[in-house]
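Colleague: Residue numbers (UniProt numbering): 1 to 729.
The beta-carbon is built from N, C-alpha and C at its ideal position, and this holds for glycine as well.
In this text, all values refer to a predicted model and were calculated from it rather than measured experimentally.
Next up is a structure, given as structure tokens.
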Amino acid sequence: MNDTSSEARGSTPEESAVVPERDSRVAEFARGWARVVIGTSYVPMGRPELWEFLEERTERLLRALAADSFDAGNVNELAADLVRVHLVDPLALRRTLELLGSRLPGLARELGLVHGDTAERMNELLASFGEGFAAAVKRRVLADQDLVQRAVRDARDGAEEALRASEARFRAVFNSSALGIAIVGLDGLVQEVNESMGTIFRTDASELLGCHVLELCDPEYRESFRDEQDALLAEVYERFMVEVPFTTDDETLVWTQVSGALVRDADGEPEYQVVLYADITDLRLLNERLNTQATTDPLTGLANRTRLNTGMDKALAPGAGGRRVGICYFDLDGFKTINDSLGHPIGDELLRSVALRMKEVAEQRGALAARMGGDEFVLLVPDTDGPGGMVPLVERTLEEVRRPVRIGGHELKASASAGVVEQPVAGTDAQLLLREADITLYRAKEEGKAQWVLYDAERNSAARRRFELSATMPAALDNNEFFVEYHPVRSLDDDHVVAVHAEPRWDHPDLGELAPERFVELAENTGMITRLSDWLLRQVCEHARGWLRGLGERAPVVAVDLSGRYFRDPDLVNDFRSILADSGVTADRLRLGVPEDALFDEVGDPVDTVDIVREFGAGLAVRDFGSHYTDTRRLRELPVTSVHIAGDYLARIAEWPESDPLDEHLADSVINAARLLGMSVVAGGVDTRRQAERLREKGVHAVRGRHAGEPFSAGEVEQVLADSLEGSG
1 MNDTSSEARG
11 STPEESAVVP
21 ERDSRVAEFA
31 RGWARVVIGT
41 SYVPMGRPEL
51 WEFLEERTER
61 LLRALAADSF
71 DAGNVNELAA
81 DLVRVHLVDP
91 LALRRTLELL
101 GSRLPGLARE
111 LGLVHGDTAE
121 RMNELLASFG
131 EGFAAAVKRR
141 VLADQDLVQR
151 AVRDARDGAE
161 EALRASEARF
171 RAVFNSSALG
181 IAIVGLDGLV
191 QEVNESMGTI
201 FRTDASELLG
211 CHVLELCDPE
221 YRESFRDEQD
231 ALLAEVYERF
241 MVEVPFTTDD
251 ETLVWTQVSG
261 ALVRDADGEP
271 EYQVVLYADI
281 TDLRLLNERL
291 NTQATTDPLT
301 GLANRTRLNT
311 GMDKALAPGA
321 GGRRVGICYF
331 DLDGFKTIND
341 SLGHPIGDEL
351 LRSVALRMKE
361 VAEQRGALAA
371 RMGGDEFVLL
381 VPDTDGPGGM
391 VPLVERTLEE
401 VRRPVRIGGH
411 ELKASASAGV
421 VEQPVAGTDA
431 QLLLREADIT
441 LYRAKEEGKA
451 QWVLYDAERN
461 SAARRRFELS
471 ATMPAALDNN
481 EFFVEYHPVR
491 SLDDDHVVAV
501 HAEPRWDHPD
511 LGELAPERFV
521 ELAENTGMIT
531 RLSDWLLRQV
541 CEHARGWLRG
551 LGERAPVVAV
561 DLSGRYFRDP
571 DLVNDFRSIL
581 ADSGVTADRL
591 RLGVPEDALF
601 DEVGDPVDTV
611 DIVREFGAGL
621 AVRDFGSHYT
631 DTRRLRELPV
641 TSVHIAGDYL
651 ARIAEWPESD
661 PLDEHLADSV
671 INAARLLGMS
681 VVAGGVDTRR
691 QAERLREKGV
701 HAVRGRHAGE
711 PFSAGEVEQV
721 LADSLEGSG
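Structural data, given as structure tokens:
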């Protein structure tokens with residue numbers, strides 16, 4: 001702590017101005033630390049030296065808390081430092097851990113030294129600190145044991161005068177040691193004890209004389225203790241150390257750390273044992289509490305990922321009879337809406353209620369309930385008897401989740417989706433099992449939520465391929481693997497190409513050319529749709545600029561479909577303005593296709609970006625018009641110029657006059673609604689002249705599909721337009 005330069009502290013020169021304030025906060029913390037441990041142990045240094053000692057350790061703990069990767073060895077060494085300055089009492093450790101756990105995270109936040117997951121890092125730090133303290137105490141016990149042995153040996157050897165001096169030294173150590181010391185015969189009977197033995201075992205020390213050393217531990221631990229004693233007496237090794245519990249007459253549980261060594265006579269033959277006892281009850285309880293904190297989710301009290309991993313290792317251990325294992329992966333449906341509308345405290349209470357119900361169901365089945373994070377939970381079921389045995393468990397769990405829960409003044413009804421995997425232990429591992437359960441859960445949510453789906457190898461494989469495809473999409477954009485393909489939009493009045501419709505395509509290095517149907521939905525689900533749409537708009541505007549230079553006013557208008565997610569993006573207006581400015585293309589050269597359900601927000605009001613984008617001059621078209629049963633009268637409020645219709649019912653109209661009356665009705669209702677709103681109608685997926693003629697009779701203005709022409713690249717637009725004029729002429 002003597003060097004307070006910015007370099008020594010790991011701070012930048014700009015931060016050096018706040019170092020004095022930081023020093024004062026760290027010094028204040030260190031003095032508080034000193035106050036809680038003074039009096040628990042003998043400390044051979046004055047208060048100023050102790051303050052400086054603890055201040056330096058505080059700095060090192062803060063660095064460990066904020067480091068990118070956690071160094072357990074460094075924290076172990078910090079704890080050992082306390083033992084080296086004689087802060088060895090378990091009370092000193094307890095008070096230290098309580099202080100660190102309650103105040104160190106706050107100090108780190110005040111100083112801006114915050115790690116991504118402070119709670120998890122703090123658990124690691126406290127666990128490593130307790131581990132380091134325990135190891136250092138063990139080493140100290142062994143050192144004291146050596147000291148006692150030397151005193152005993154010296155007391156038995158040498159001349160009478162030296163013997164008396166050595167005996168005096170031995171007695172001084174024997175009587176003053178905080179460790180319990182027992183002289184034990186080779187037959188295991190206790191011959192002599194010091195007063196500390198009585199303190200440790202909550203009795204008068206004389207009551208221990210004549211008892212067998214094995215009686216000083218609980219029955220279930222005696223066999224392992226006896227094995228250590230037998231190995232010592234057989235001279236397999238020179239000393240032993242074990243941790244054993246002892247239950248006193250008043251049912252108090254005392255944990256002791258026992259170490260023993262042989263003392264030999266002048267001829268080198270074993271004469272008796274010296275057995276040392278250290279009371280580690282408080283340390284043991286602290287370690288158990290720290291272990292619980294490190295393996296328990298702090299919000300719900302369920303097992304966390306760490307304990308789940310341990311449970312999976314046990315469940316996946318090979319065994320006789322062809323062991324099987326099952327896992328249910330749950331995800332709450334619509335939980336984000338509850339958090340956003342009612343607030344995180346209500347959401348947290350709901351998570352706790354759901355977790356408690358899951359835990360009760362799991363315990364009845366002998367399963368482990370764990371929280372994966374957020375609103376995701378897992379039930380791990382060891383030793384299952386086949387997929388059928390998992391069905392009652394998952395259905396009971398979903399039923400419990402659906403039961404209403406009252407939180408404050410709200411009655412909430414949650415639901416969950418679940419992916420269920422049950423298979424033999426052989427041939428699987430924890431990572432594979434969780435991945436398959438996660439994919440199966442994804443399938444359940446795709447199929448309608450609030451239900452469970454059982455693992456299917458073939459369908460999971462297909463889903464995994466989709467995930468792999470979505471994972472490579474960002475790099476594919478960076479590597480220019482995407483390109484734009486244009487489809488002609490042909491007027492049904494004069495057969496001219498009146499616009500072009502842009503579609504992204506993916507030239508995948510392994511899978512070949514991929515149509516939008518293969519990746520656009522994936523982009524929607526992963527959030528990549530915003531970046532993909534930005535890229536598409538920029539490409540279209542760049543192409544339109546080139547067409548305007550070459551064709552002037554004959555350059556076609558470009559239709560571009562935008563997803564509802566992209567259209568609701570708060571940065572859409574700024575991005576759109578930037579794209580137009582960079583390309584120099586005016587917005588009136590674009591027709592933006594918007595899904596019908598994206599035109600209105602959750603409360604039914606028009607989305608603000610509709611009017612803003614329209615003010616730029618871009619045309620707006622409603623995609624998949626009529627498919628969401630929107631009140632069409634509401635579209636009068638919006639600046640929409642056209643509607644795009646598509647669907648199997650349009651294709652079947654080609655069979656006219658034998659087409660299904662229902663298909664005719666659907667087409668007539670959608671087209672007539674658009675006409676009444678004063679909007680032009682463009683039909684997609686029109687492949688034959690017969691189909692186009694029938695749609696023209698119903699009032700459709702233009703079509704795209706094979707009848708309108710084959711897709712083409714940006715460089716072929718002039719030829720497509722020329723062919724269109726020549727053909728119509």
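Would you kindly check if the distance between the Cβ of Leu-214 and the Cβ of Phe-201 is under 9 Å?
Modeller: No, Cβ-Cβ distance for Phe-201 and Leu-214 is not below 9 Å.
Colleague: With H, G and I counted as helix, E and B as strand and the rest as coil, what does DSSP make of Val-701?
Modeller: Going by the sequence as given, residue 701 is His instead of Val. Looking at His-701 - three-state DSSP - the assignment turns out to be coil, as it is neither helix nor strand.
Colleague: In the DSSP output, what is Gly-260 paired with across the bridge?
Modeller: Paired residue(s): Phe-240, Val-275.
Colleague: Mind listing, in chain order, the continuous beta strand (DSSP E) runs of no fewer than 3 residues lying wholly within the stretch 465 to 495?
Modeller: Correct list: 482 to 491.
Colleague: Under the three-state reduction of DSSP, which class applies to Glu-395: helix, strand or coil?
Modeller: Helix at Glu-395.
Colleague: Classify Glu-251 as helix, strand or coil using the three-state DSSP reduction.
Modeller: Looking at Glu-251 - three-state DSSP - the assignment turns out to be coil, as it is neither helix nor strand.
Colleague: If you measure between the beta carbons of Val-258 and Tyr-277, is that distance less than 9 Å?
Modeller: Cβ atoms of Val-258 and Tyr-277: closer than 9 Å.
Colleague: Is there contact between the stretch 337 to 346 and the stretch 266 to 282, where contact requires at least three CB pairs shorter than 8 Å?
Modeller: Result no; under three Cβ-Cβ pairs closer than 8 Å.
Colleague: With a threshold of 16 other CB atoms inside 10 Å of the CB of Asp-611, please say whether the residue is buried or exposed.
Modeller: Asp-611 is exposed by the Cβ-count criterion.
Colleague: Just list the residues that DSSP pairs His-212 with in beta bridges.
Modeller: BP columns for His-212 point to Leu-189.
Colleague: Let me know the secondary structure DSSP gives Gln-451 once reduced to three states.
Modeller: DSSP places Gln-451 in coil when its eight states are reduced to three.
Colleague: For the stretch 296 to 313 against the stretch 389 to 408, are there 3 or more C-beta pairs whose distance is under 8 Å?
Modeller: With a cut-off of 8 Å, the stretch 389 to 408 and the stretch 296 to 313 do not count as touching, because too few Cβ pairs lie within range.
Colleague: Among the candidates Val-670, Gly-678, Gly-715, whose CA atom is the shortest distance from the CA of Lys-698?
Modeller: Taking only the C-alpha atoms, the option nearest Lys-698 is Val-670.
Colleague: Compare the Cα-Cα distances from Ser-713 to each of Thr-609, Gly-512, Val-613, Phe-482 and report the closest residue.
Modeller: For the residues Thr-609, Gly-512, Val-613, Phe-482, the minimum Cα distance to Ser-713 belongs to Phe-482.
Colleague: Which whole runs of the beta strand (DSSP E) in the stretch 395 to 445 are 3 residues long or more, in chain order?
Modeller: Here the runs fully enclosed are 405 to 407, 410 to 412, 416 to 424.
Colleague: I need the boundaries of the beta strand (DSSP E) containing Glu-503, first residue and last residue.
Modeller: Its beta strand (DSSP E) spans residues 497 to 508.
Colleague: For Asp-534, I'd like the list of residues in its chain whose CB is within less than 7 Å of its CB, leaving aside the five on either flank, ordered along the chain.
Modeller: Asp-575.
Colleague: Suppose the cutoff is 7 Å on Cβ atoms and the five residues either side in sequence are ignored; what does the same chain contact list for Thr-609 look like?
Modeller: Closer than 7 Å at Cβ, skipping near neighbours: Phe-567, Leu-572, Val-573.
Colleague: If we require 4 or more residues per run, which alpha helix (DSSP H) segments fall completely within the stretch 324 to 381?
Modeller: Listed in chain order, the complete alpha helix (DSSP H) runs (minimum 4 residues) inside the stretch 324 to 381 are 335 to 342, 344 to 365.
Colleague: Could you compute how far the alpha carbon of Ala-159 sits from the alpha carbon of Leu-62?
Modeller: Interpretation of Ala-159 is limited by its pLDDT of 45, a score under 50 that renders its predicted location unreliable; the figure taken from the coordinates is listed afterwards. So the two alpha carbons sit approximately 56 Å from each other.
Colleague: Which whole-angstrom value is the C-beta distance of Gly-112 and Asn-76, which I expect to be below 8 Å?
Modeller: With a Cβ gap of about 26 Å, Gly-112 and Asn-76 do not count as contacting.
Colleague: On the DSSP letters alone, give me the boundaries of the alpha helix (DSSP H) that Ile-280 sits inside.
Modeller: Ile-280 -> no alpha helix (DSSP H), and no H or E assigned at all.
Colleague: Whose CA, out of Val-83, Leu-511, Val-682, lies closest to the CA of Asp-624?
Modeller: Nearest option by C-alpha distance: Val-682.
Colleague: Return the residue from the list Glu-124, Ser-724, Val-173, Ala-136 that minimises the CA-CA distance to Leu-147.
Modeller: That would be Val-173, whose Cα lies nearest to the Cα of Leu-147.
Colleague: Going by DSSP, name the residue or residues bridged to Gly-319.
Modeller: DSSP lists no partner for Gly-319.
Colleague: DSSP beta-bridge partners for Leu-126?
Modeller: For Leu-126, which the question treats as bridged, DSSP gives no partner whatsoever.
Colleague: With DSSP collapsed to three states, give me the class of His-665.
Modeller: Three-state result, His-665: helix.
Colleague: Grouping DSSP H, G and I as helix and E and B as strand, with all else coil, what is Arg-706?
Modeller: Correct three-state label for Arg-706: coil.
Colleague: For Ala-231, is the classification buried or exposed, using 16 other Cβ atoms within 10 angstroms of its Cβ as the cut-off for buried?
Modeller: When all chains shown are included, Ala-231 counts as exposed.
Colleague: Is it buried or exposed for Leu-380, if we count other Cβ within 10 angstroms and need 16 for buried?
Modeller: Classification of Leu-380: buried, given that the 10 Å Cβ count is 16 or more.
Colleague: Threshold first: 3 residues or longer. Then list the beta strand (DSSP E) segments lying entirely within the stretch 533 to 600, N to C.
Modeller: Within the stretch 533 to 600, the complete beta strand (DSSP E) runs of at least 3 residues are 557 to 561, 590 to 595.
Colleague: If I measure Cβ to Cβ from Arg-459 and keep anything under 6 Å in the same chain, skipping five residues before and after, which residues do I get?
Modeller: Hits under 6 Å: none found.
Colleague: Using a Cβ-Cβ distance under 9 Å, would Met-197 count as near chain B?
Modeller: Annotation note: the requested chain B is absent from the structure, which comprises a single protein chain.
Colleague: Which residues share a DSSP beta bridge with Arg-623?
Modeller: Bridge partners of Arg-623: Pro-595.
Colleague: Could you tell me which of Tyr-237, Glu-228, Glu-235, Asp-279 sits nearest to Phe-246, measuring between CA atoms?
Modeller: Closest option to Phe-246, Cα to Cα, is Asp-279.
Colleague: Suppose you measure from the CA of Met-390 to the CA of Glu-422; what does that come to, to the nearest Å?
Modeller: The straight-line gap from Cα to Cα measures roughly 8 Å.
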